[in-house]
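Contents: one structure, followed by commentary.
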Amino acid sequence: MQPLIDAIESLLSSSLNITALAVLSLFCLLFVVFTGRAKRGRRFPVRAIPAYKSIHQLVSRSLESGQPIHVGMGSGRVGTEAMSEALMGLTVFDYVARHAAAYDQAVLGTTADGTILSAAQGVLQRAREEAGFAERYAGNELRFYGPDPLVYAAGTAGAITRDQHLANILVGRFGHEGLWIGEAAQGQDMVQLGGAAAPGAIALMQATLDECVIGEEVFAAGAYLHRRSHLGSLATQDTMRILAILAIIASVVMASLGYLG
Amino acid sequence: MLETPANLLATLPPNTLQIAGTWVAALLTLATLSYVFGGNPAFRLAEHLLVGIAAGYAAALAWNQMLWPRLQLLVAEPATYWYYGVFFVLGLLLLCRGSKSVSVLGNLPLGVLFGTGAALALGGGLTGTFIPQIRASVLSVNPADYGEGSLGWAYVIDPIIVVAGTIAALTAFHFGARTDGRLRALWRGLVRAVGGVGRGLITICFGALFASAALSFFAILNSRLVFLLRDWLKLLYTGRP
Amino acid sequence: MKKILPMAAAILCGLFVLTDFFVPHPSIGAVAAVLVEGATILAAFALFLGVVNLLSVHGRRVAREARGRGLGVVLIASLLATLAIGVALPGSAALNWVFDYVYYPLQATMAALLAFFVVSAAYRAFRVRTAQAAIMLVSSLLVIATQLPFGQAISPYLPIARDWILTVPVTAGMRGIVLGTALGTMATALRILLTVDRPYV
Amino acid sequence: MIVCPACNHRNPSDALVCEACGGSLEHFVYRACPSCGALNPAENVFCHRCFDDLVPGSAETIVEASDIPVESFVPSEPSVTDREEAVREAAAPPVGERPTSDLILEADAEVATTAEVVSEETEPGPLAEPQQLVGEPIERLEAAPSEPEAPMQPSELIPEAEEDVLEGLEGLVPIAAAATQAHAFALPVPPSVSETEQHDAELFHSIASERGPLRDAARVVIPRRARLLSRRGRALLYLLVLLAALTPVFTGDRTSLLLRPRDSVTSLARDIQSLPTGSAVLISFDYGPAYAGEVDPLALAVGRHLAASQVRVVAMSTDPGGVGLAEHLYRTIAGEMPDYRYGESYAILGYLPGPEAGLRTLCTSLGKAFKVDYVQRRTLSELPVMKDLTSVQDFDQVIVFADDSRSVRSWIEQVQSQCNFSLHALVTAAIEPMLLPYQQSGQLSTLIAAAHSAGEYEKASGMEEPSLHWTDAYGAFCLVLLVTAIATNVAYLRTRARQRSHGQ
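See the structure below:
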């Protein structure tokens, strides 16, 4: 009993903790409600994001022309806070790999981290098995270059320029290596898309890539590509955004009137 | 086994390794820089060398710093450090991903990794970024708080830009696009207008970050050229290396 | 079982680590610390998986393809040699030599190439086709001009102007991006913890 | 029931593989777009052709893509309201300007707006019952050709689209699948054809054989930018950068005489100058070899200044590569000053993995974070330099050299917020803007962008050496960027003028 009381006491001891817990509970509640609605088929119209549309088109075109698409999943590591960006790279790879597998075509995935590599291996193997071409699963469709970001850039740029790829999609945690890969592959006849969450990386990537997803849009990859259940989390994010803006406005008004410290 | 060549190297004159090293480094620098004039065999050699050495170096570091010390602790005091044993077994399961037939065994360690990572991302995003950043954007926009008379009015512009800009930039990411109904259309127009301003601010931010990064990269290029000219060719005189 | 065990592991690990953020209690903290440390151990194992992948991809290239065979050999040899020196002689002069004279210059020069790439990217980004490109052009040139080493000598107001740009409009834009990213990160993490998204099974 | 796309065999709805030909059925689940009728893979959220939402109505239950139940291959039907929407949309004037240029680059912006408007403004209502649909496709197909045209893509960019046998059929992927399916057994004839199936077959045939709208769909608008820079232009640009970096060799670096330290640099130099002999400074080398070129000169200048002021220095790193750099740097400094010895004047503790949790232990005990030091492998208490230094609070100043804003943030959030000390961040120029808010709030005592600060620091600390400032180069680089901006816009205006004259 005592440890529990201690735990509750320590929870209550910090105002940040209480605020955070309240926000988290609200977030969870909204998330469960909206995801349930999305799963039951409630519509949630979203604005168009050109880069994701292009991915749809590129996948169709790749199936038609037989040219593979490269998906760069960056250097985020699963098991750290970089997981969420890394996971979005994996989601895009999942989408591309499923389509490629269904038509028994090649795909290329690269990453700078072993944990993403192992997750991506599972994704690709599953896609090949589900498509009925389990024997086509080969180790060399997923490549590891790294772990340093620039090593990843050099290795990946080399790999995608050696063979003719239709497109180069870079989604995940990227730093300056996004610029490196984008510019090194510029001479090739290749569509380049991508996105990252860090402002420093995205400032460079949007200068070099044909189309770019920025910041929060990266985390919508699943909803825009093939995971309809993710639409629920977009609705949650929108609601939380409105609440956050209202909170900022209310606090600013109170602060200006002298009610807050 | 490796001690013999190491000892042999130690018998060479003191500066030999350093001079050889400078030459190797300079040639590799030139090979890499040659990429500026298009891909060529020298660059490809440098690229492959880098990929190989980086992976080998990182793996050696992971072994020396992460795995070997913990393995020693586990062997020495299994009762205290039993949990290292658990993670070593999970690690071996993760290695099963390399083989097609036993790949499914890797799911368990990946579950652990994704669960831990998700919690770190959620907790960090909430307590490290979301709440502190919202708190940081709560600034007084009352001119009286910034000084008397017109001075206060002049200084209050900055917090107003920061607060309004933060809200606008946040709005730029809004996903919803419902248009049915007049009220919704109004809301939609508002979101678009504010989001447009936000997108402008985000672009200013990108411009500034682009310029800073360019400066950073140029400084790195300079340091490589200084290495070539000063340390290798000894063309530039300076008091110190 | 094949699916349930990893899912249970994910939820359980996630709950412990998450609780640690809100309840600074020593026993929960200890479990969470073990899990976070365990994640780094697993990442070290995963690195070896990556090394195996590199060896197999390039080994296959050496064995089957005529083109680039020599390069594959260089890669494999340099990898194995560095690994052997690093494991057998940690902290030795030989490892330091590899770091100082091979690894460091290669990495640093790869980064130096970014100076060229950033200019050719600017050629694309500075083309004033849209209002956004114009904003980008103006703000980049302003920031880089105000940051010159002799800026202070030209006018003491240049650094002040730069600081204003960076602390007012840029901070506002960046805060918007960061807040949005935090929302996205939280939603993504929640999808894992509530097993809406299961990339591991 | 699922019709196998390869051999038309009808399988029970829970079949995973076709009973007749053995092909996989799992992925052959298609959904017809409610507004244009194109078939899309079931996972798509947008129609690949008209970009409309494919989010279905309440009649269908949605499940995760990974466990999509196998549904009929028969396309689900658009409702009456959808049809009206489609007609209305078709009657509306084409939105957005059709690009006249033959440069796809210039078309991009317009393409994006067209697509955006279409996908945002048309929203299909809930799907209705199938019996409402008799006679519907003809109307819809009549309406279809007058739909806003997708912008044309220059044929030279996509020659394969012109030559492809399956041209125009890319939305109808099952056909492609059937073509790629190598071995099919006998193709069993369906026993009897119901009215709905007949209708579906007609719809399918009419869509497949209708060339007009599909031709547009085949010219998928892929945002491929024409190569703006020719190989020669690129080489010229790179040559300019190289020349800019080499300017000081030709000009003798004259502008370095104008160098005047900025306030932040002066204040850091003053802080270090005011440290009494024997006080201690903790330096964290949180940068890797890639950015060492930028940070090293400043780190060297600060290190020399500390050594000259006889301040004890303890170095560590949260970057695996940083320890090697620290050791290299201190070997250089120790080589210059004979009485500057390891263990007495300075020590390198090593690499601290796991930035967040690891850094937090620094507040309680250095010995817990680092069991032994990096160079001599001795416990910390054995080193004379570590006298009276047990936790991070015992240091007079903490200096962090970093190439990643996250590591500086970890220092602020995990260490500085827990135990009070003055923290100086000397970082790459690339991440400096991201840390400015922390300097404004006072959490960082100093924030310096390394790029060209080494020279300024040497001036400010009075330790000036005849070392290179390389100041001219930065000025030249700024000029190169300006020239680039002018060149690209001149080129752009010229192309536009040429296009305009072609248009007339």
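Residue numbers (our numbering), protein chains in the order written: chain A, 1 to 261; chain B, 1 to 241; chain C, 1 to 201; chain D, 1 to 504.
We put the beta carbon where it would ideally sit given N, CA and C, even for glycine.
Fair warning: this is a prediction, and the values are worked out from it, not measured in the lab.
Grab me the residues of residue i's own chain with a C-beta within less than 7 Å of its C-beta, minus the 5 sequence neighbours each way, in chain order.
{"i": "B/Gly128", "result": "none"}
{"i": "A/Ser14", "result": "none"}
{"i": "A/Asp210", "result": "Val191, Gln192 and Leu193"}
{"i": "B/Val141", "result": "Val156, Pro159, Ile160 and Val163"}
{"i": "B/Arg184", "result": "Arg178"}
Pick helix, strand or coil for residue i, following the three-state DSSP scheme.
{"i": "A/Met73", "result": "strand"}
{"i": "C/Phe126", "result": "coil"}
{"i": "A/Asn140", "result": "helix"}
{"i": "D/His424", "result": "strand"}
{"i": "B/Gly147", "result": "coil"}
{"i": "D/Met463", "result": "coil"}
{"i": "A/Gly172", "result": "strand"}
{"i": "B/Ser212", "result": "helix"}
{"i": "B/Val102", "result": "coil"}
{"i": "C/Val57", "result": "helix"}
Along chain B, which residues have their Cβ under 7 Å away from the Cβ of residue i?
{"i": "D/Ala280", "result": "Within 7 Å Cβ-Cβ: nothing; D/Ala280 doesn't reach chain B, min ~25 Å."}
{"i": "A/Arg47", "result": "Phe175 and Ala177"}
Going along chain D, which residues have a C-beta under 9 Å from residue i?
{"i": "A/Gly200", "result": "Ser405, Ala430, Ile431, Pro433 and Met434"}
{"i": "B/Leu190", "result": "Residues of chain D passing the Cβ test: none, with the nearest at roughly 15 Å."}
Starting from the C-beta of residue i, find all residues in its chain whose C-beta is less than 8 Å away, skip the five residues before and the five after it, and write them out in chain order.
{"i": "C/Val62", "result": "Arg69, Gly72, Val73 and Ile76"}
{"i": "C/Met136", "result": "Ala125 and Phe126"}
{"i": "D/Glu120", "result": "With a pLDDT of 37 at D/Glu120, under the threshold of 50, the predicted position of this residue should be treated as unreliable, though the coordinate-derived value follows. Correct list: empty, nothing qualifies."}
{"i": "C/Thr195", "result": "Met7, Ala10 and Ile11"}
{"i": "B/Arg224", "result": "Thr29 and Leu33"}
{"i": "A/Leu166", "result": "Leu58, Arg61, Ser62, Ser65, Gln67, Pro68, Ile69, Met190 and Val191"}
Is it the case that the Cβ atoms of residue i and residue j are separated by a distance below 8 Å?
{"i": "C/Ala111", "j": "A/Leu150", "result": "yes"}
{"i": "C/Thr188", "j": "A/Ser84", "result": "yes"}
{"i": "A/Gly146", "j": "A/Asp189", "result": "no"}
{"i": "D/Gly343", "j": "D/Val313", "result": "no"}
{"i": "B/Ile202", "j": "C/Ser78", "result": "no"}
{"i": "B/Gly111", "j": "C/Ala9", "result": "yes"}
{"i": "D/Val295", "j": "D/Asp472", "result": "no"}
{"i": "B/Leu90", "j": "B/Cys96", "result": "no"}
{"i": "A/Tyr95", "j": "A/His176", "result": "no"}
{"i": "A/Leu193", "j": "A/Ser54", "result": "yes"}
{"i": "D/Val241", "j": "C/Ala115", "result": "yes"}
{"i": "B/Leu94", "j": "C/Ala44", "result": "no"}
{"i": "A/Arg136", "j": "A/Ala159", "result": "no"}
{"i": "B/Ala118", "j": "C/Leu15", "result": "no"}
{"i": "B/Arg230", "j": "B/Leu221", "result": "no"}
{"i": "C/Thr82", "j": "B/Gly38", "result": "no"}
Counting only Cβ pairs nearer than 7 Å, list the residues of chain D close to residue i.
{"i": "B/Arg224", "result": "Gly293"}
Which residues of chain C have a Cβ atom closer than 7 Å to the Cβ of residue i, listed in chain order?
{"i": "D/Gln440", "result": "Thr167"}
{"i": "B/Tyr81", "result": "Those within 7 Å of B/Tyr81 in chain C number zero; the least Cβ separation is about 10 Å."}
Can you list, in chain order, the residues of its chain with a C-beta nearer than 6 Å to that of residue i? Leave out the 5 residues immediately preceding and following it.
{"i": "A/Gly74", "result": "Gly89, Gly172, Arg173 and Phe174"}
{"i": "A/Lys39", "result": "Ser229"}
{"i": "D/Lys368", "result": "Thr361"}
Along chain A, in chain order, which residues have C-beta atoms closer than 9 Å to that of residue i?
{"i": "B/Arg44", "result": "Gly158"}
Members of the region 212-223 of chain A near chain C, C-beta cut-off 9 Å: Ile214, Gly215, Glu216, Glu217, Val218, Phe219, Ala220 and Gly222
Against chain C: residues of the region 282-316 of chain D by CB proximity under 9 Å: Gly288, Pro289, Ala290, Tyr291, Ala292, Gly293 and Glu294
Interface residues of the region 145-157 of chain C facing chain D [CB-CB below 7 Å]: If the cut-off is 7 Å between Cβ atoms, the region 145-157 of chain C has Ala145, Leu148, Pro149, Phe150, Gln152 and Ala153 near chain D.
Contact list for the region 88-101 of chain C against chain B, Cβ threshold 9 Å: Ala88, Leu89, Pro90, Gly91, Ser92, Ala93, Ala94, Leu95, Trp97, Val98, Phe99, Asp100 and Tyr101
Chain D contacts made by the region 136-161 of chain A, where a contact means CB separation under 8 Å: Within the region 136-161 of chain A, the qualifying residues are Asp148, Pro149 and Leu150.
Residues from the region 314-335 of chain D in contact with chain B, defined by Cβ distance under 8 Å: Pro320 and Thr332
Contact list for the region 63-76 of chain B against chain D, Cβ threshold 9 Å: Gln65, Met66 and Pro69
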